[in-house]
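Novice:
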Amino acid sequence: MSAIAGLLRLDGHPAEASQIEKMTKILSHRGPDGNAILLDGPASFGHCMLRSTPESLNERQPWRFGELAITADVRIDNRDELFDRLQISDAPLEQISDCELLIRAYLRWGEGCPQRLVGDFAFAIWDSRKRQFFCARDQLGVKPFYYFFGPAKQFILASEIKAILCIPNVPRTINEVKIGDYLLADFGDKSRTFYSHISRLPPATALVVGDKGIRLREYWSLDPNREIRLSSDSEYAEAFREVFSEAVRCRLRSAFPVGSMLSGGLDSSSIACVAHDLMATERAGDLHTFSIIFDEVKGSDERGHIHDVLGSRSFLSHFTLADDLTPFDDLDKVLWHQDEPFYAPNLFLNRQVWKITKECGVRVLLDGLFGDNVVSHGVEHLNELANRWRWLALARELKQVIETSKRDVPLREPLLRYILQMGVRPRVPESALVLWRRIRGLPSKRDAAQTGTLSSDFCERTGIRERVARRYVEERKPKAARQAHAESLESGMIETALEIYNRGCSEFGIETRFPFADMRVVEFCLGIPGEQKISRGFTRMIVRRGLAGHLPESIRWRTGKGDLQWCFLRGFTSQRDFLETSIGSSSEFLGQILDLASVDRLLANYRKGRISDAELDLFYISVLSAWHESTFGVSG
């Protein structure tokens with residue numbers, strides 16, 4: 001999790017060392033291995049170095065290469081392929097850093113270089129010949145990239161927003177539309193931040209900025225029409241095992257001890273077991289595992305499954321007891337690192353693991369984040385069966401799902417629901433649905449698209465009700481299974497969570513790596529047929545088949561998963577004084593956004609211990625309030 005920073009003056013004046021030094025200093029927590037700057041005419045770069053790969057041990061950034069200069073937070077996974085295609089003959093591959101491979105790729109392919117890269121990256125290249133920055137972010141948004149392009153004839157980029165805000169004349173205007181997105185958990189816009197004048201560079205996007213202005217281009221996207229057709233279940237299983245093992249192998253490239261999160265679930269267990277076996281084959285040392293356990297919150301404790309994994313191999317295991325942690329622990333410090341209100345209610349648990357990871361001297365931590373999203377539970381396949389009126393196949397699959405999950409539910413209930421919602425309803429004309437709603441006294445689609453506790457005035461100012469209504473309609477359109485899977489992957493939720501993790505880990509000087517957030521794994525899982533994702537009543541079947549022989553059988557065929565909501569609720573309900581004080585002290589600010597009477601009703605239920613999804617909105621409201629007060633120093 002190194003940091004990059006850069007400024008480009010477009011007014012003809014040379015760059016000022018003091019500005020890039022200031023940016024680099026505020027990002028120094030991301031660079032325990034040293035900071036440096038580079039100036040070249042109107043351009044300046046800063047870099048805060050966190051060394052993790054063997055090739056990075058002797059690396060220096062920012063780096064000048066002829067008429068080019070670069071600052072990059074990068075891990076390239078297709079190094080062998082690039083080395084061969086670039087026909088490098090002046091140095092062996094092991095002496096070439098990822099940063100150098102990247103800049104050589106730019107020299108060869110120019111603006112076409114990002115689509116030839118596999119890995120995690122955010123970078124900026126100063127091309128003094130063209131007098132422009134060329135920047136890009138990886139396909140899934142693992143590495144963060146924020147920028148400001150203002151009327152003051154300057155372009156500013158950084159790994160964190162705070163580094164941009166430290167530059168004079170950068171406005172700190174709050175983006176109200178983003179606040180609405182946050183409170184409604186709408187991740188669709190991939191460029192907005194909580195500051196009107198600061199943007200995120202979307203994943204899979206390249207940016208060019210210079211005298212001719214700024215230009216963005218998407219260089220990669222998922223193709224829901226691409227199908228992977230193999231001849232048997234065993235061939236699909238072998239293909240998944242190969243692509244997943246390669247994703248894990250690439251993320252084991254480290255000059256320091258490696259760890260892996262282990263919850264006992266299918267995702268983390270898959271990564272830990274495959275990583276252990278790869279490291280054992282290559283005699284690469286021991287794999288550390290990090291697990292959260294609970295003595296009192298039994299509903300969140302997964303010790304039994306964790307020990308099933310630990311008993312299958314020799315790991316260096318570490319545990320953290322989390323019963324007494326709360327979602328509001330060290331909130332001021334968390335918000336300083338996050339720069340914005342954050343979505344992750346269980347971030348407090350991750351922070352405890354990251355703290356122990358650092359204490360153990362582990363610098364690279366594997367994480368199973370987004371296994372569910374990337375592989376898919378196969379629900380889209382059930383929807384498609386219903387939409388195509390394949391009732392017998394749907395009934396057979398639903399029956400097996402009920403049996404494997406050991407739920408006491410009559411088959412007719414889910415079957416009828418799928419038939420009506422996904423089979424019949426899409427074929428009914430919209431005009432008939434409108435008439436039916438009127439006869440039944442049901443709300444229109446616009447009214448059914450709830451805006452939670454947001455006030456009418458706020459909704460009017462931001463146009464959020466119309467956007468929510470459009471989303472409501474779009475989400476309910478019938479879609480082919482692969483299209484629905486692709487849309488869920490492109491919803492914006494993945495890169496949002498990756499950004500939160502990135503900023504959180506930077507506090508502890510570690511780098512998290514996500515094997516499921518590998519574009520090759522993503523493309524494979526999207527392209528396979530639905531029956532490879534759900535079969536015989538088991539969701540995520542491709543993982544279960546593909547990792548036979550790697551996973552303990554008790555893990556491979558488990559149908560449930562741990563529920564951390566009980567731990568969250570324990571901490572959330574124990575912090576009543578903080579919650580009420582936080583919300584109450586910001587009533588003037590919150591009153592511009594929320595219907596305070598609705599908030600009061602939620603608080604009344606909270607005091608009585610009535611916690612539903614609606615009351616959980618209070619967590620996000622309190623985080624928003626705390627962010628506003630800590631950032632702007634305003635209360636009341």
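When you number the sequence shown by UniProt numbering, it's gap-free, plus one each residue, and the end is 636. Every residue gets a Cβ at the ideal spot worked out from N, C-alpha and C, and that includes glycine. For clarity, every value in this text was computed on a predicted model and none was experimentally measured.
Whole alpha helix (DSSP H) runs in the segment 468–548 with 4 or more residues, listed along the chain?
Specialist: Qualifying alpha helix (DSSP H) stretches, in chain order: 481–489, 493–506, 519–527, 541–546.
Novice: Please name the residue in 278, 557, 192 whose C-alpha comes closest to that of residue 241.
Specialist: Within the sequence shown, the letter at position 241 stands for residue 241. Considering only alpha carbons, the answer is 278.
Novice: Near residue 165, which residues of its chain fall below 7 angstroms by C-beta distance, leaving aside the five closest residues on each side in sequence?
Specialist: Counted from its first residue, the sequence shown places residue 165 at position 165. Only 172 meet the Cβ criterion.
Novice: Report the three-state DSSP secondary structure of residue 135 (helix, strand or coil).
Specialist: Position 135 of the sequence shown, counted from the first residue, corresponds to residue 135. Strand at residue 135.
Novice: Check for me: the alpha helix (DSSP H) holding residue 324 runs from which residue to which?
Specialist: On the sequence shown, residue 324 is found 324 positions in, with the first residue counted as 1. Where residue 324 is concerned, there is no enclosing alpha helix (DSSP H), given that its DSSP letter is neither H nor E.
Novice: Is the beta carbon of residue 321 sitting closer than 9 angstroms to the one on residue 132?
Specialist: Taking the sequence shown and counting its residues from 1, one reaches residue 321 at position 321. Taking the sequence shown and counting its residues from 1, one reaches residue 132 at position 132. Contact flag unset, no.
Novice: Pop quiz: residue 220 and residue 95 are said to be a contact at Cβ under 8 angstroms. What is the actual Cβ separation, rounded to whole angstroms?
Specialist: Translated into positions along the sequence shown, residue 220 becomes position 220. Translated into positions along the sequence shown, residue 95 becomes position 95. Actually they do not touch by this definition, with Cβ atoms about 29 angstroms apart.
Novice: For the segment 105–122 against the segment 462–481, are there 3 or more C-beta pairs whose distance is under 8 angstroms?
Specialist: No, the segment 105–122 is not in contact with the segment 462–481.
Novice: So what's residue 189 in DSSP terms, helix, strand or just coil?
Specialist: Numbered from 1 along the sequence shown, position 189 holds the residue referred to as residue 189. Here residue 189 sits in coil by DSSP.
Novice: Alpha carbon to alpha carbon, what distance is there between residue 288 and residue 383?
Specialist: Counting from 1 along the sequence shown, the entry for residue 383 is found at position 383. Counting from 1 along the sequence shown, the entry for residue 288 is found at position 288. Between residue 383 and residue 288, the C-alpha separation is close to 40 angstroms.
Novice: Let me confirm a value: residue 556 is counted as buried when at least 16 other C-beta atoms fall within 10 Å, else exposed. Which label applies?
Specialist: Here residue 556 refers to the residue found at position 556 when the sequence shown is read from its first residue. Result: buried.
Novice: Which full runs of the alpha helix (DSSP H) of 4+ residues lie inside the segment 256–295, going along the chain?
Specialist: DSSP runs (the alpha helix (DSSP H)) wholly in the segment 256–295: 266–281.
Novice: Using the Cα positions of residue 65 and residue 618, report the straight-line distance between them to the nearest angstrom.
Specialist: Stepping through the sequence shown from its first residue, residue 65 is reached at position 65. Stepping through the sequence shown from its first residue, residue 618 is reached at position 618. C-alpha separation (whole angstroms): 52 angstroms.
Novice: What's the C-alpha gap between residue 445 and residue 183?
Specialist: Numbered from 1 along the sequence shown, position 445 holds the residue referred to as residue 445. Numbered from 1 along the sequence shown, position 183 holds the residue referred to as residue 183. Its pLDDT being 49, under 50, residue 445 is placed unreliably by the model, and nothing is read from it.
Novice: Within 10 angstroms of its Cβ, does residue 568 collect 16 or more other Cβ (buried), or is it exposed?
Specialist: In the sequence shown, counting from the first residue as 1, residue 568 sits at position 568. By the 10 Å Cβ count, residue 568 comes out buried.
Novice: Using a threshold of 9 angstroms, state whether the C-beta atoms of residue 22 and residue 167 are closer than that.
Specialist: Numbered from 1 along the sequence shown, position 22 holds the residue referred to as residue 22. Numbered from 1 along the sequence shown, position 167 holds the residue referred to as residue 167. Yes; because the gap between Cβ atoms is below 9 angstroms, this pair is in contact.
Novice: Excluding sequence positions up to five away, which residues of its chain have a Cβ less than 7 angstroms from the Cβ of residue 345?
Specialist: Within the sequence shown, residue 345 is the residue found at index 345, counting from 1. Excluding positions up to five away in sequence, the list reads 327, 568, 619.
Novice: Is it true that the CB of residue 217 sits closer than 9 angstroms to the CB of residue 208?
Specialist: Position 208 of the sequence shown holds residue 208. Position 217 of the sequence shown holds residue 217. Against a cut-off of 9 angstroms, the Cβ pair of residue 217 and residue 208 comes out as a contact.
Novice: Would you check if the distance between the CB atom of residue 159 and the CB atom of residue 272 is smaller than 9 angstroms?
Specialist: For the purposes of this step, residue 159 is taken as residue 159 along the sequence shown, with counting starting at 1. For the purposes of this step, residue 272 is taken as residue 272 along the sequence shown, with counting starting at 1. Contact: no.
Novice: Count the other C-beta atoms from every protein chain shown that fall within 10 angstroms of the C-beta of residue 269, then say buried if there are 16 or more, exposed otherwise.
Specialist: As a working note, residue 269 is residue 269 in the sequence shown. Buried, since its Cβ has 16 or more Cβ neighbours within 10 Å.
Novice: In the structure shown, what three-state DSSP assignment does residue 146 receive?
Specialist: In the sequence shown, counting from the first residue as 1, residue 146 sits at position 146. Looking at residue 146 - three-state DSSP - the assignment turns out to be strand.
Novice: Per DSSP, what kind of secondary structure is residue 620 in: helix, strand or coil?
Specialist: Numbered from its first residue, the sequence shown carries residue 620 at position 620. Three-state result, residue 620: helix.
Novice: Just verifying my parser: in three-state terms, what is the DSSP assignment at residue 645?
Specialist: Outside the modelled stretch of the chain, which goes from 1 to 636, sits residue 645, for which no answer is possible.
Novice: Just the Cα atoms here: how many angstroms apart are residue 20 and residue 47?
Specialist: What you label residue 20 is simply residue 20 of the sequence shown in a count that begins at 1. What you label residue 47 is simply residue 47 of the sequence shown in a count that begins at 1. Roughly 10 angstroms separates the two Cα atoms.
Novice: Look up residue 40 in the DSSP assignment and give the residues it is bridged to.
Specialist: In the sequence shown, the residue the question calls residue 40 occupies position 40. Bridge partners of residue 40: 43.
Novice: Are the Cβ atoms of residue 501 and residue 369 separated by less than 9 angstroms?
Specialist: Residue 501 sits at position 501 when you count from the first residue of the sequence shown. Residue 369 sits at position 369 when you count from the first residue of the sequence shown. In contact: residue 501 and residue 369 (Cβ atoms closer than 9 angstroms).
Novice: Let me make sure I understand the geometry here. Which of 510, 394, 330 has the alpha-carbon closest to that of residue 359?
Specialist: Numbered from 1 along the sequence shown, position 359 holds the residue referred to as residue 359. Ranking 510, 394, 330 by Cα distance to residue 359 puts 510 first.
Novice: Ignore the nearest five residues each way along the sequence and tell me which others in residue 297's own chain have a CB closer than 7 angstroms to its CB.
Specialist: Here residue 297 is taken as the residue at index 297 of the sequence shown, counted from 1. For residue 297, where only same-chain residues beyond five positions count, the Cβ hits under 7 angstroms are 323, 566, 567, 570.
Novice: Work out the CA separation of residue 1 and residue 28 for me, nearest whole Å.
Specialist: Mapped onto the sequence shown, residue 28 falls at position 28. Mapped onto the sequence shown, residue 1 falls at position 1. So the two alpha carbons sit approximately 11 angstroms from each other.
Novice: Roughly how many whole angstroms lie between the Cα atoms of residue 325 and residue 349?
Specialist: Taking the first residue of the sequence shown as 1, we reach residue 325 at position 325. Taking the first residue of the sequence shown as 1, we reach residue 349 at position 349. About 7 angstroms.
Novice: Look at residue 381 and residue 397 and say whether their C-beta atoms are less than 9 angstroms apart.
Specialist: As a position in the sequence shown, residue 381 is number 381, starting the count at 1. As a position in the sequence shown, residue 397 is number 397, starting the count at 1. Yes.
Novice: Find the nearest neighbour of residue 50 within the set 477, 73, 319, judged by alpha-carbon distance.
Specialist: Residue numbering aside, residue 50 sits at position 50 when the sequence shown is read from its first letter. Answer by Cα proximity: 73.
Novice: Could you check whether residue 527 and residue 313 sit closer than 9 angstroms to each other, using their CB atoms as the reference points?
Specialist: Here residue 313 refers to the residue found at position 313 when the sequence shown is read from its first residue. Here residue 527 refers to the residue found at position 527 when the sequence shown is read from its first residue. Taking 9 angstroms as the Cβ cut-off, residue 313 and residue 527 do not qualify as a contacting pair.
Novice: Considering Cα atoms alone, identify which of 265, 155, 388 is closest to residue 211.
Specialist: Looking up residue 211 in the sequence shown gives position 211. Checking every option, the nearest Cα to that of residue 211 belongs to 155.
Novice: Please identify the residue among 34, 78, 14 whose C-alpha is closest to the C-alpha of residue 58.
Specialist: Taking the sequence shown and counting its residues from 1, the one referred to as residue 58 is at position 58. Cα-wise, what sits closest to residue 58 is 34.
Novice: Once you ignore the five residues that flank residue 106 on each side, which residues in its own chain have a CB closer than 6 angstroms to its CB?
Specialist: By 1-based counting over the sequence shown, the position of residue 106 is 106. Once the five neighbours on either side are set aside, the close Cβ partners of residue 106 are 113, 125.
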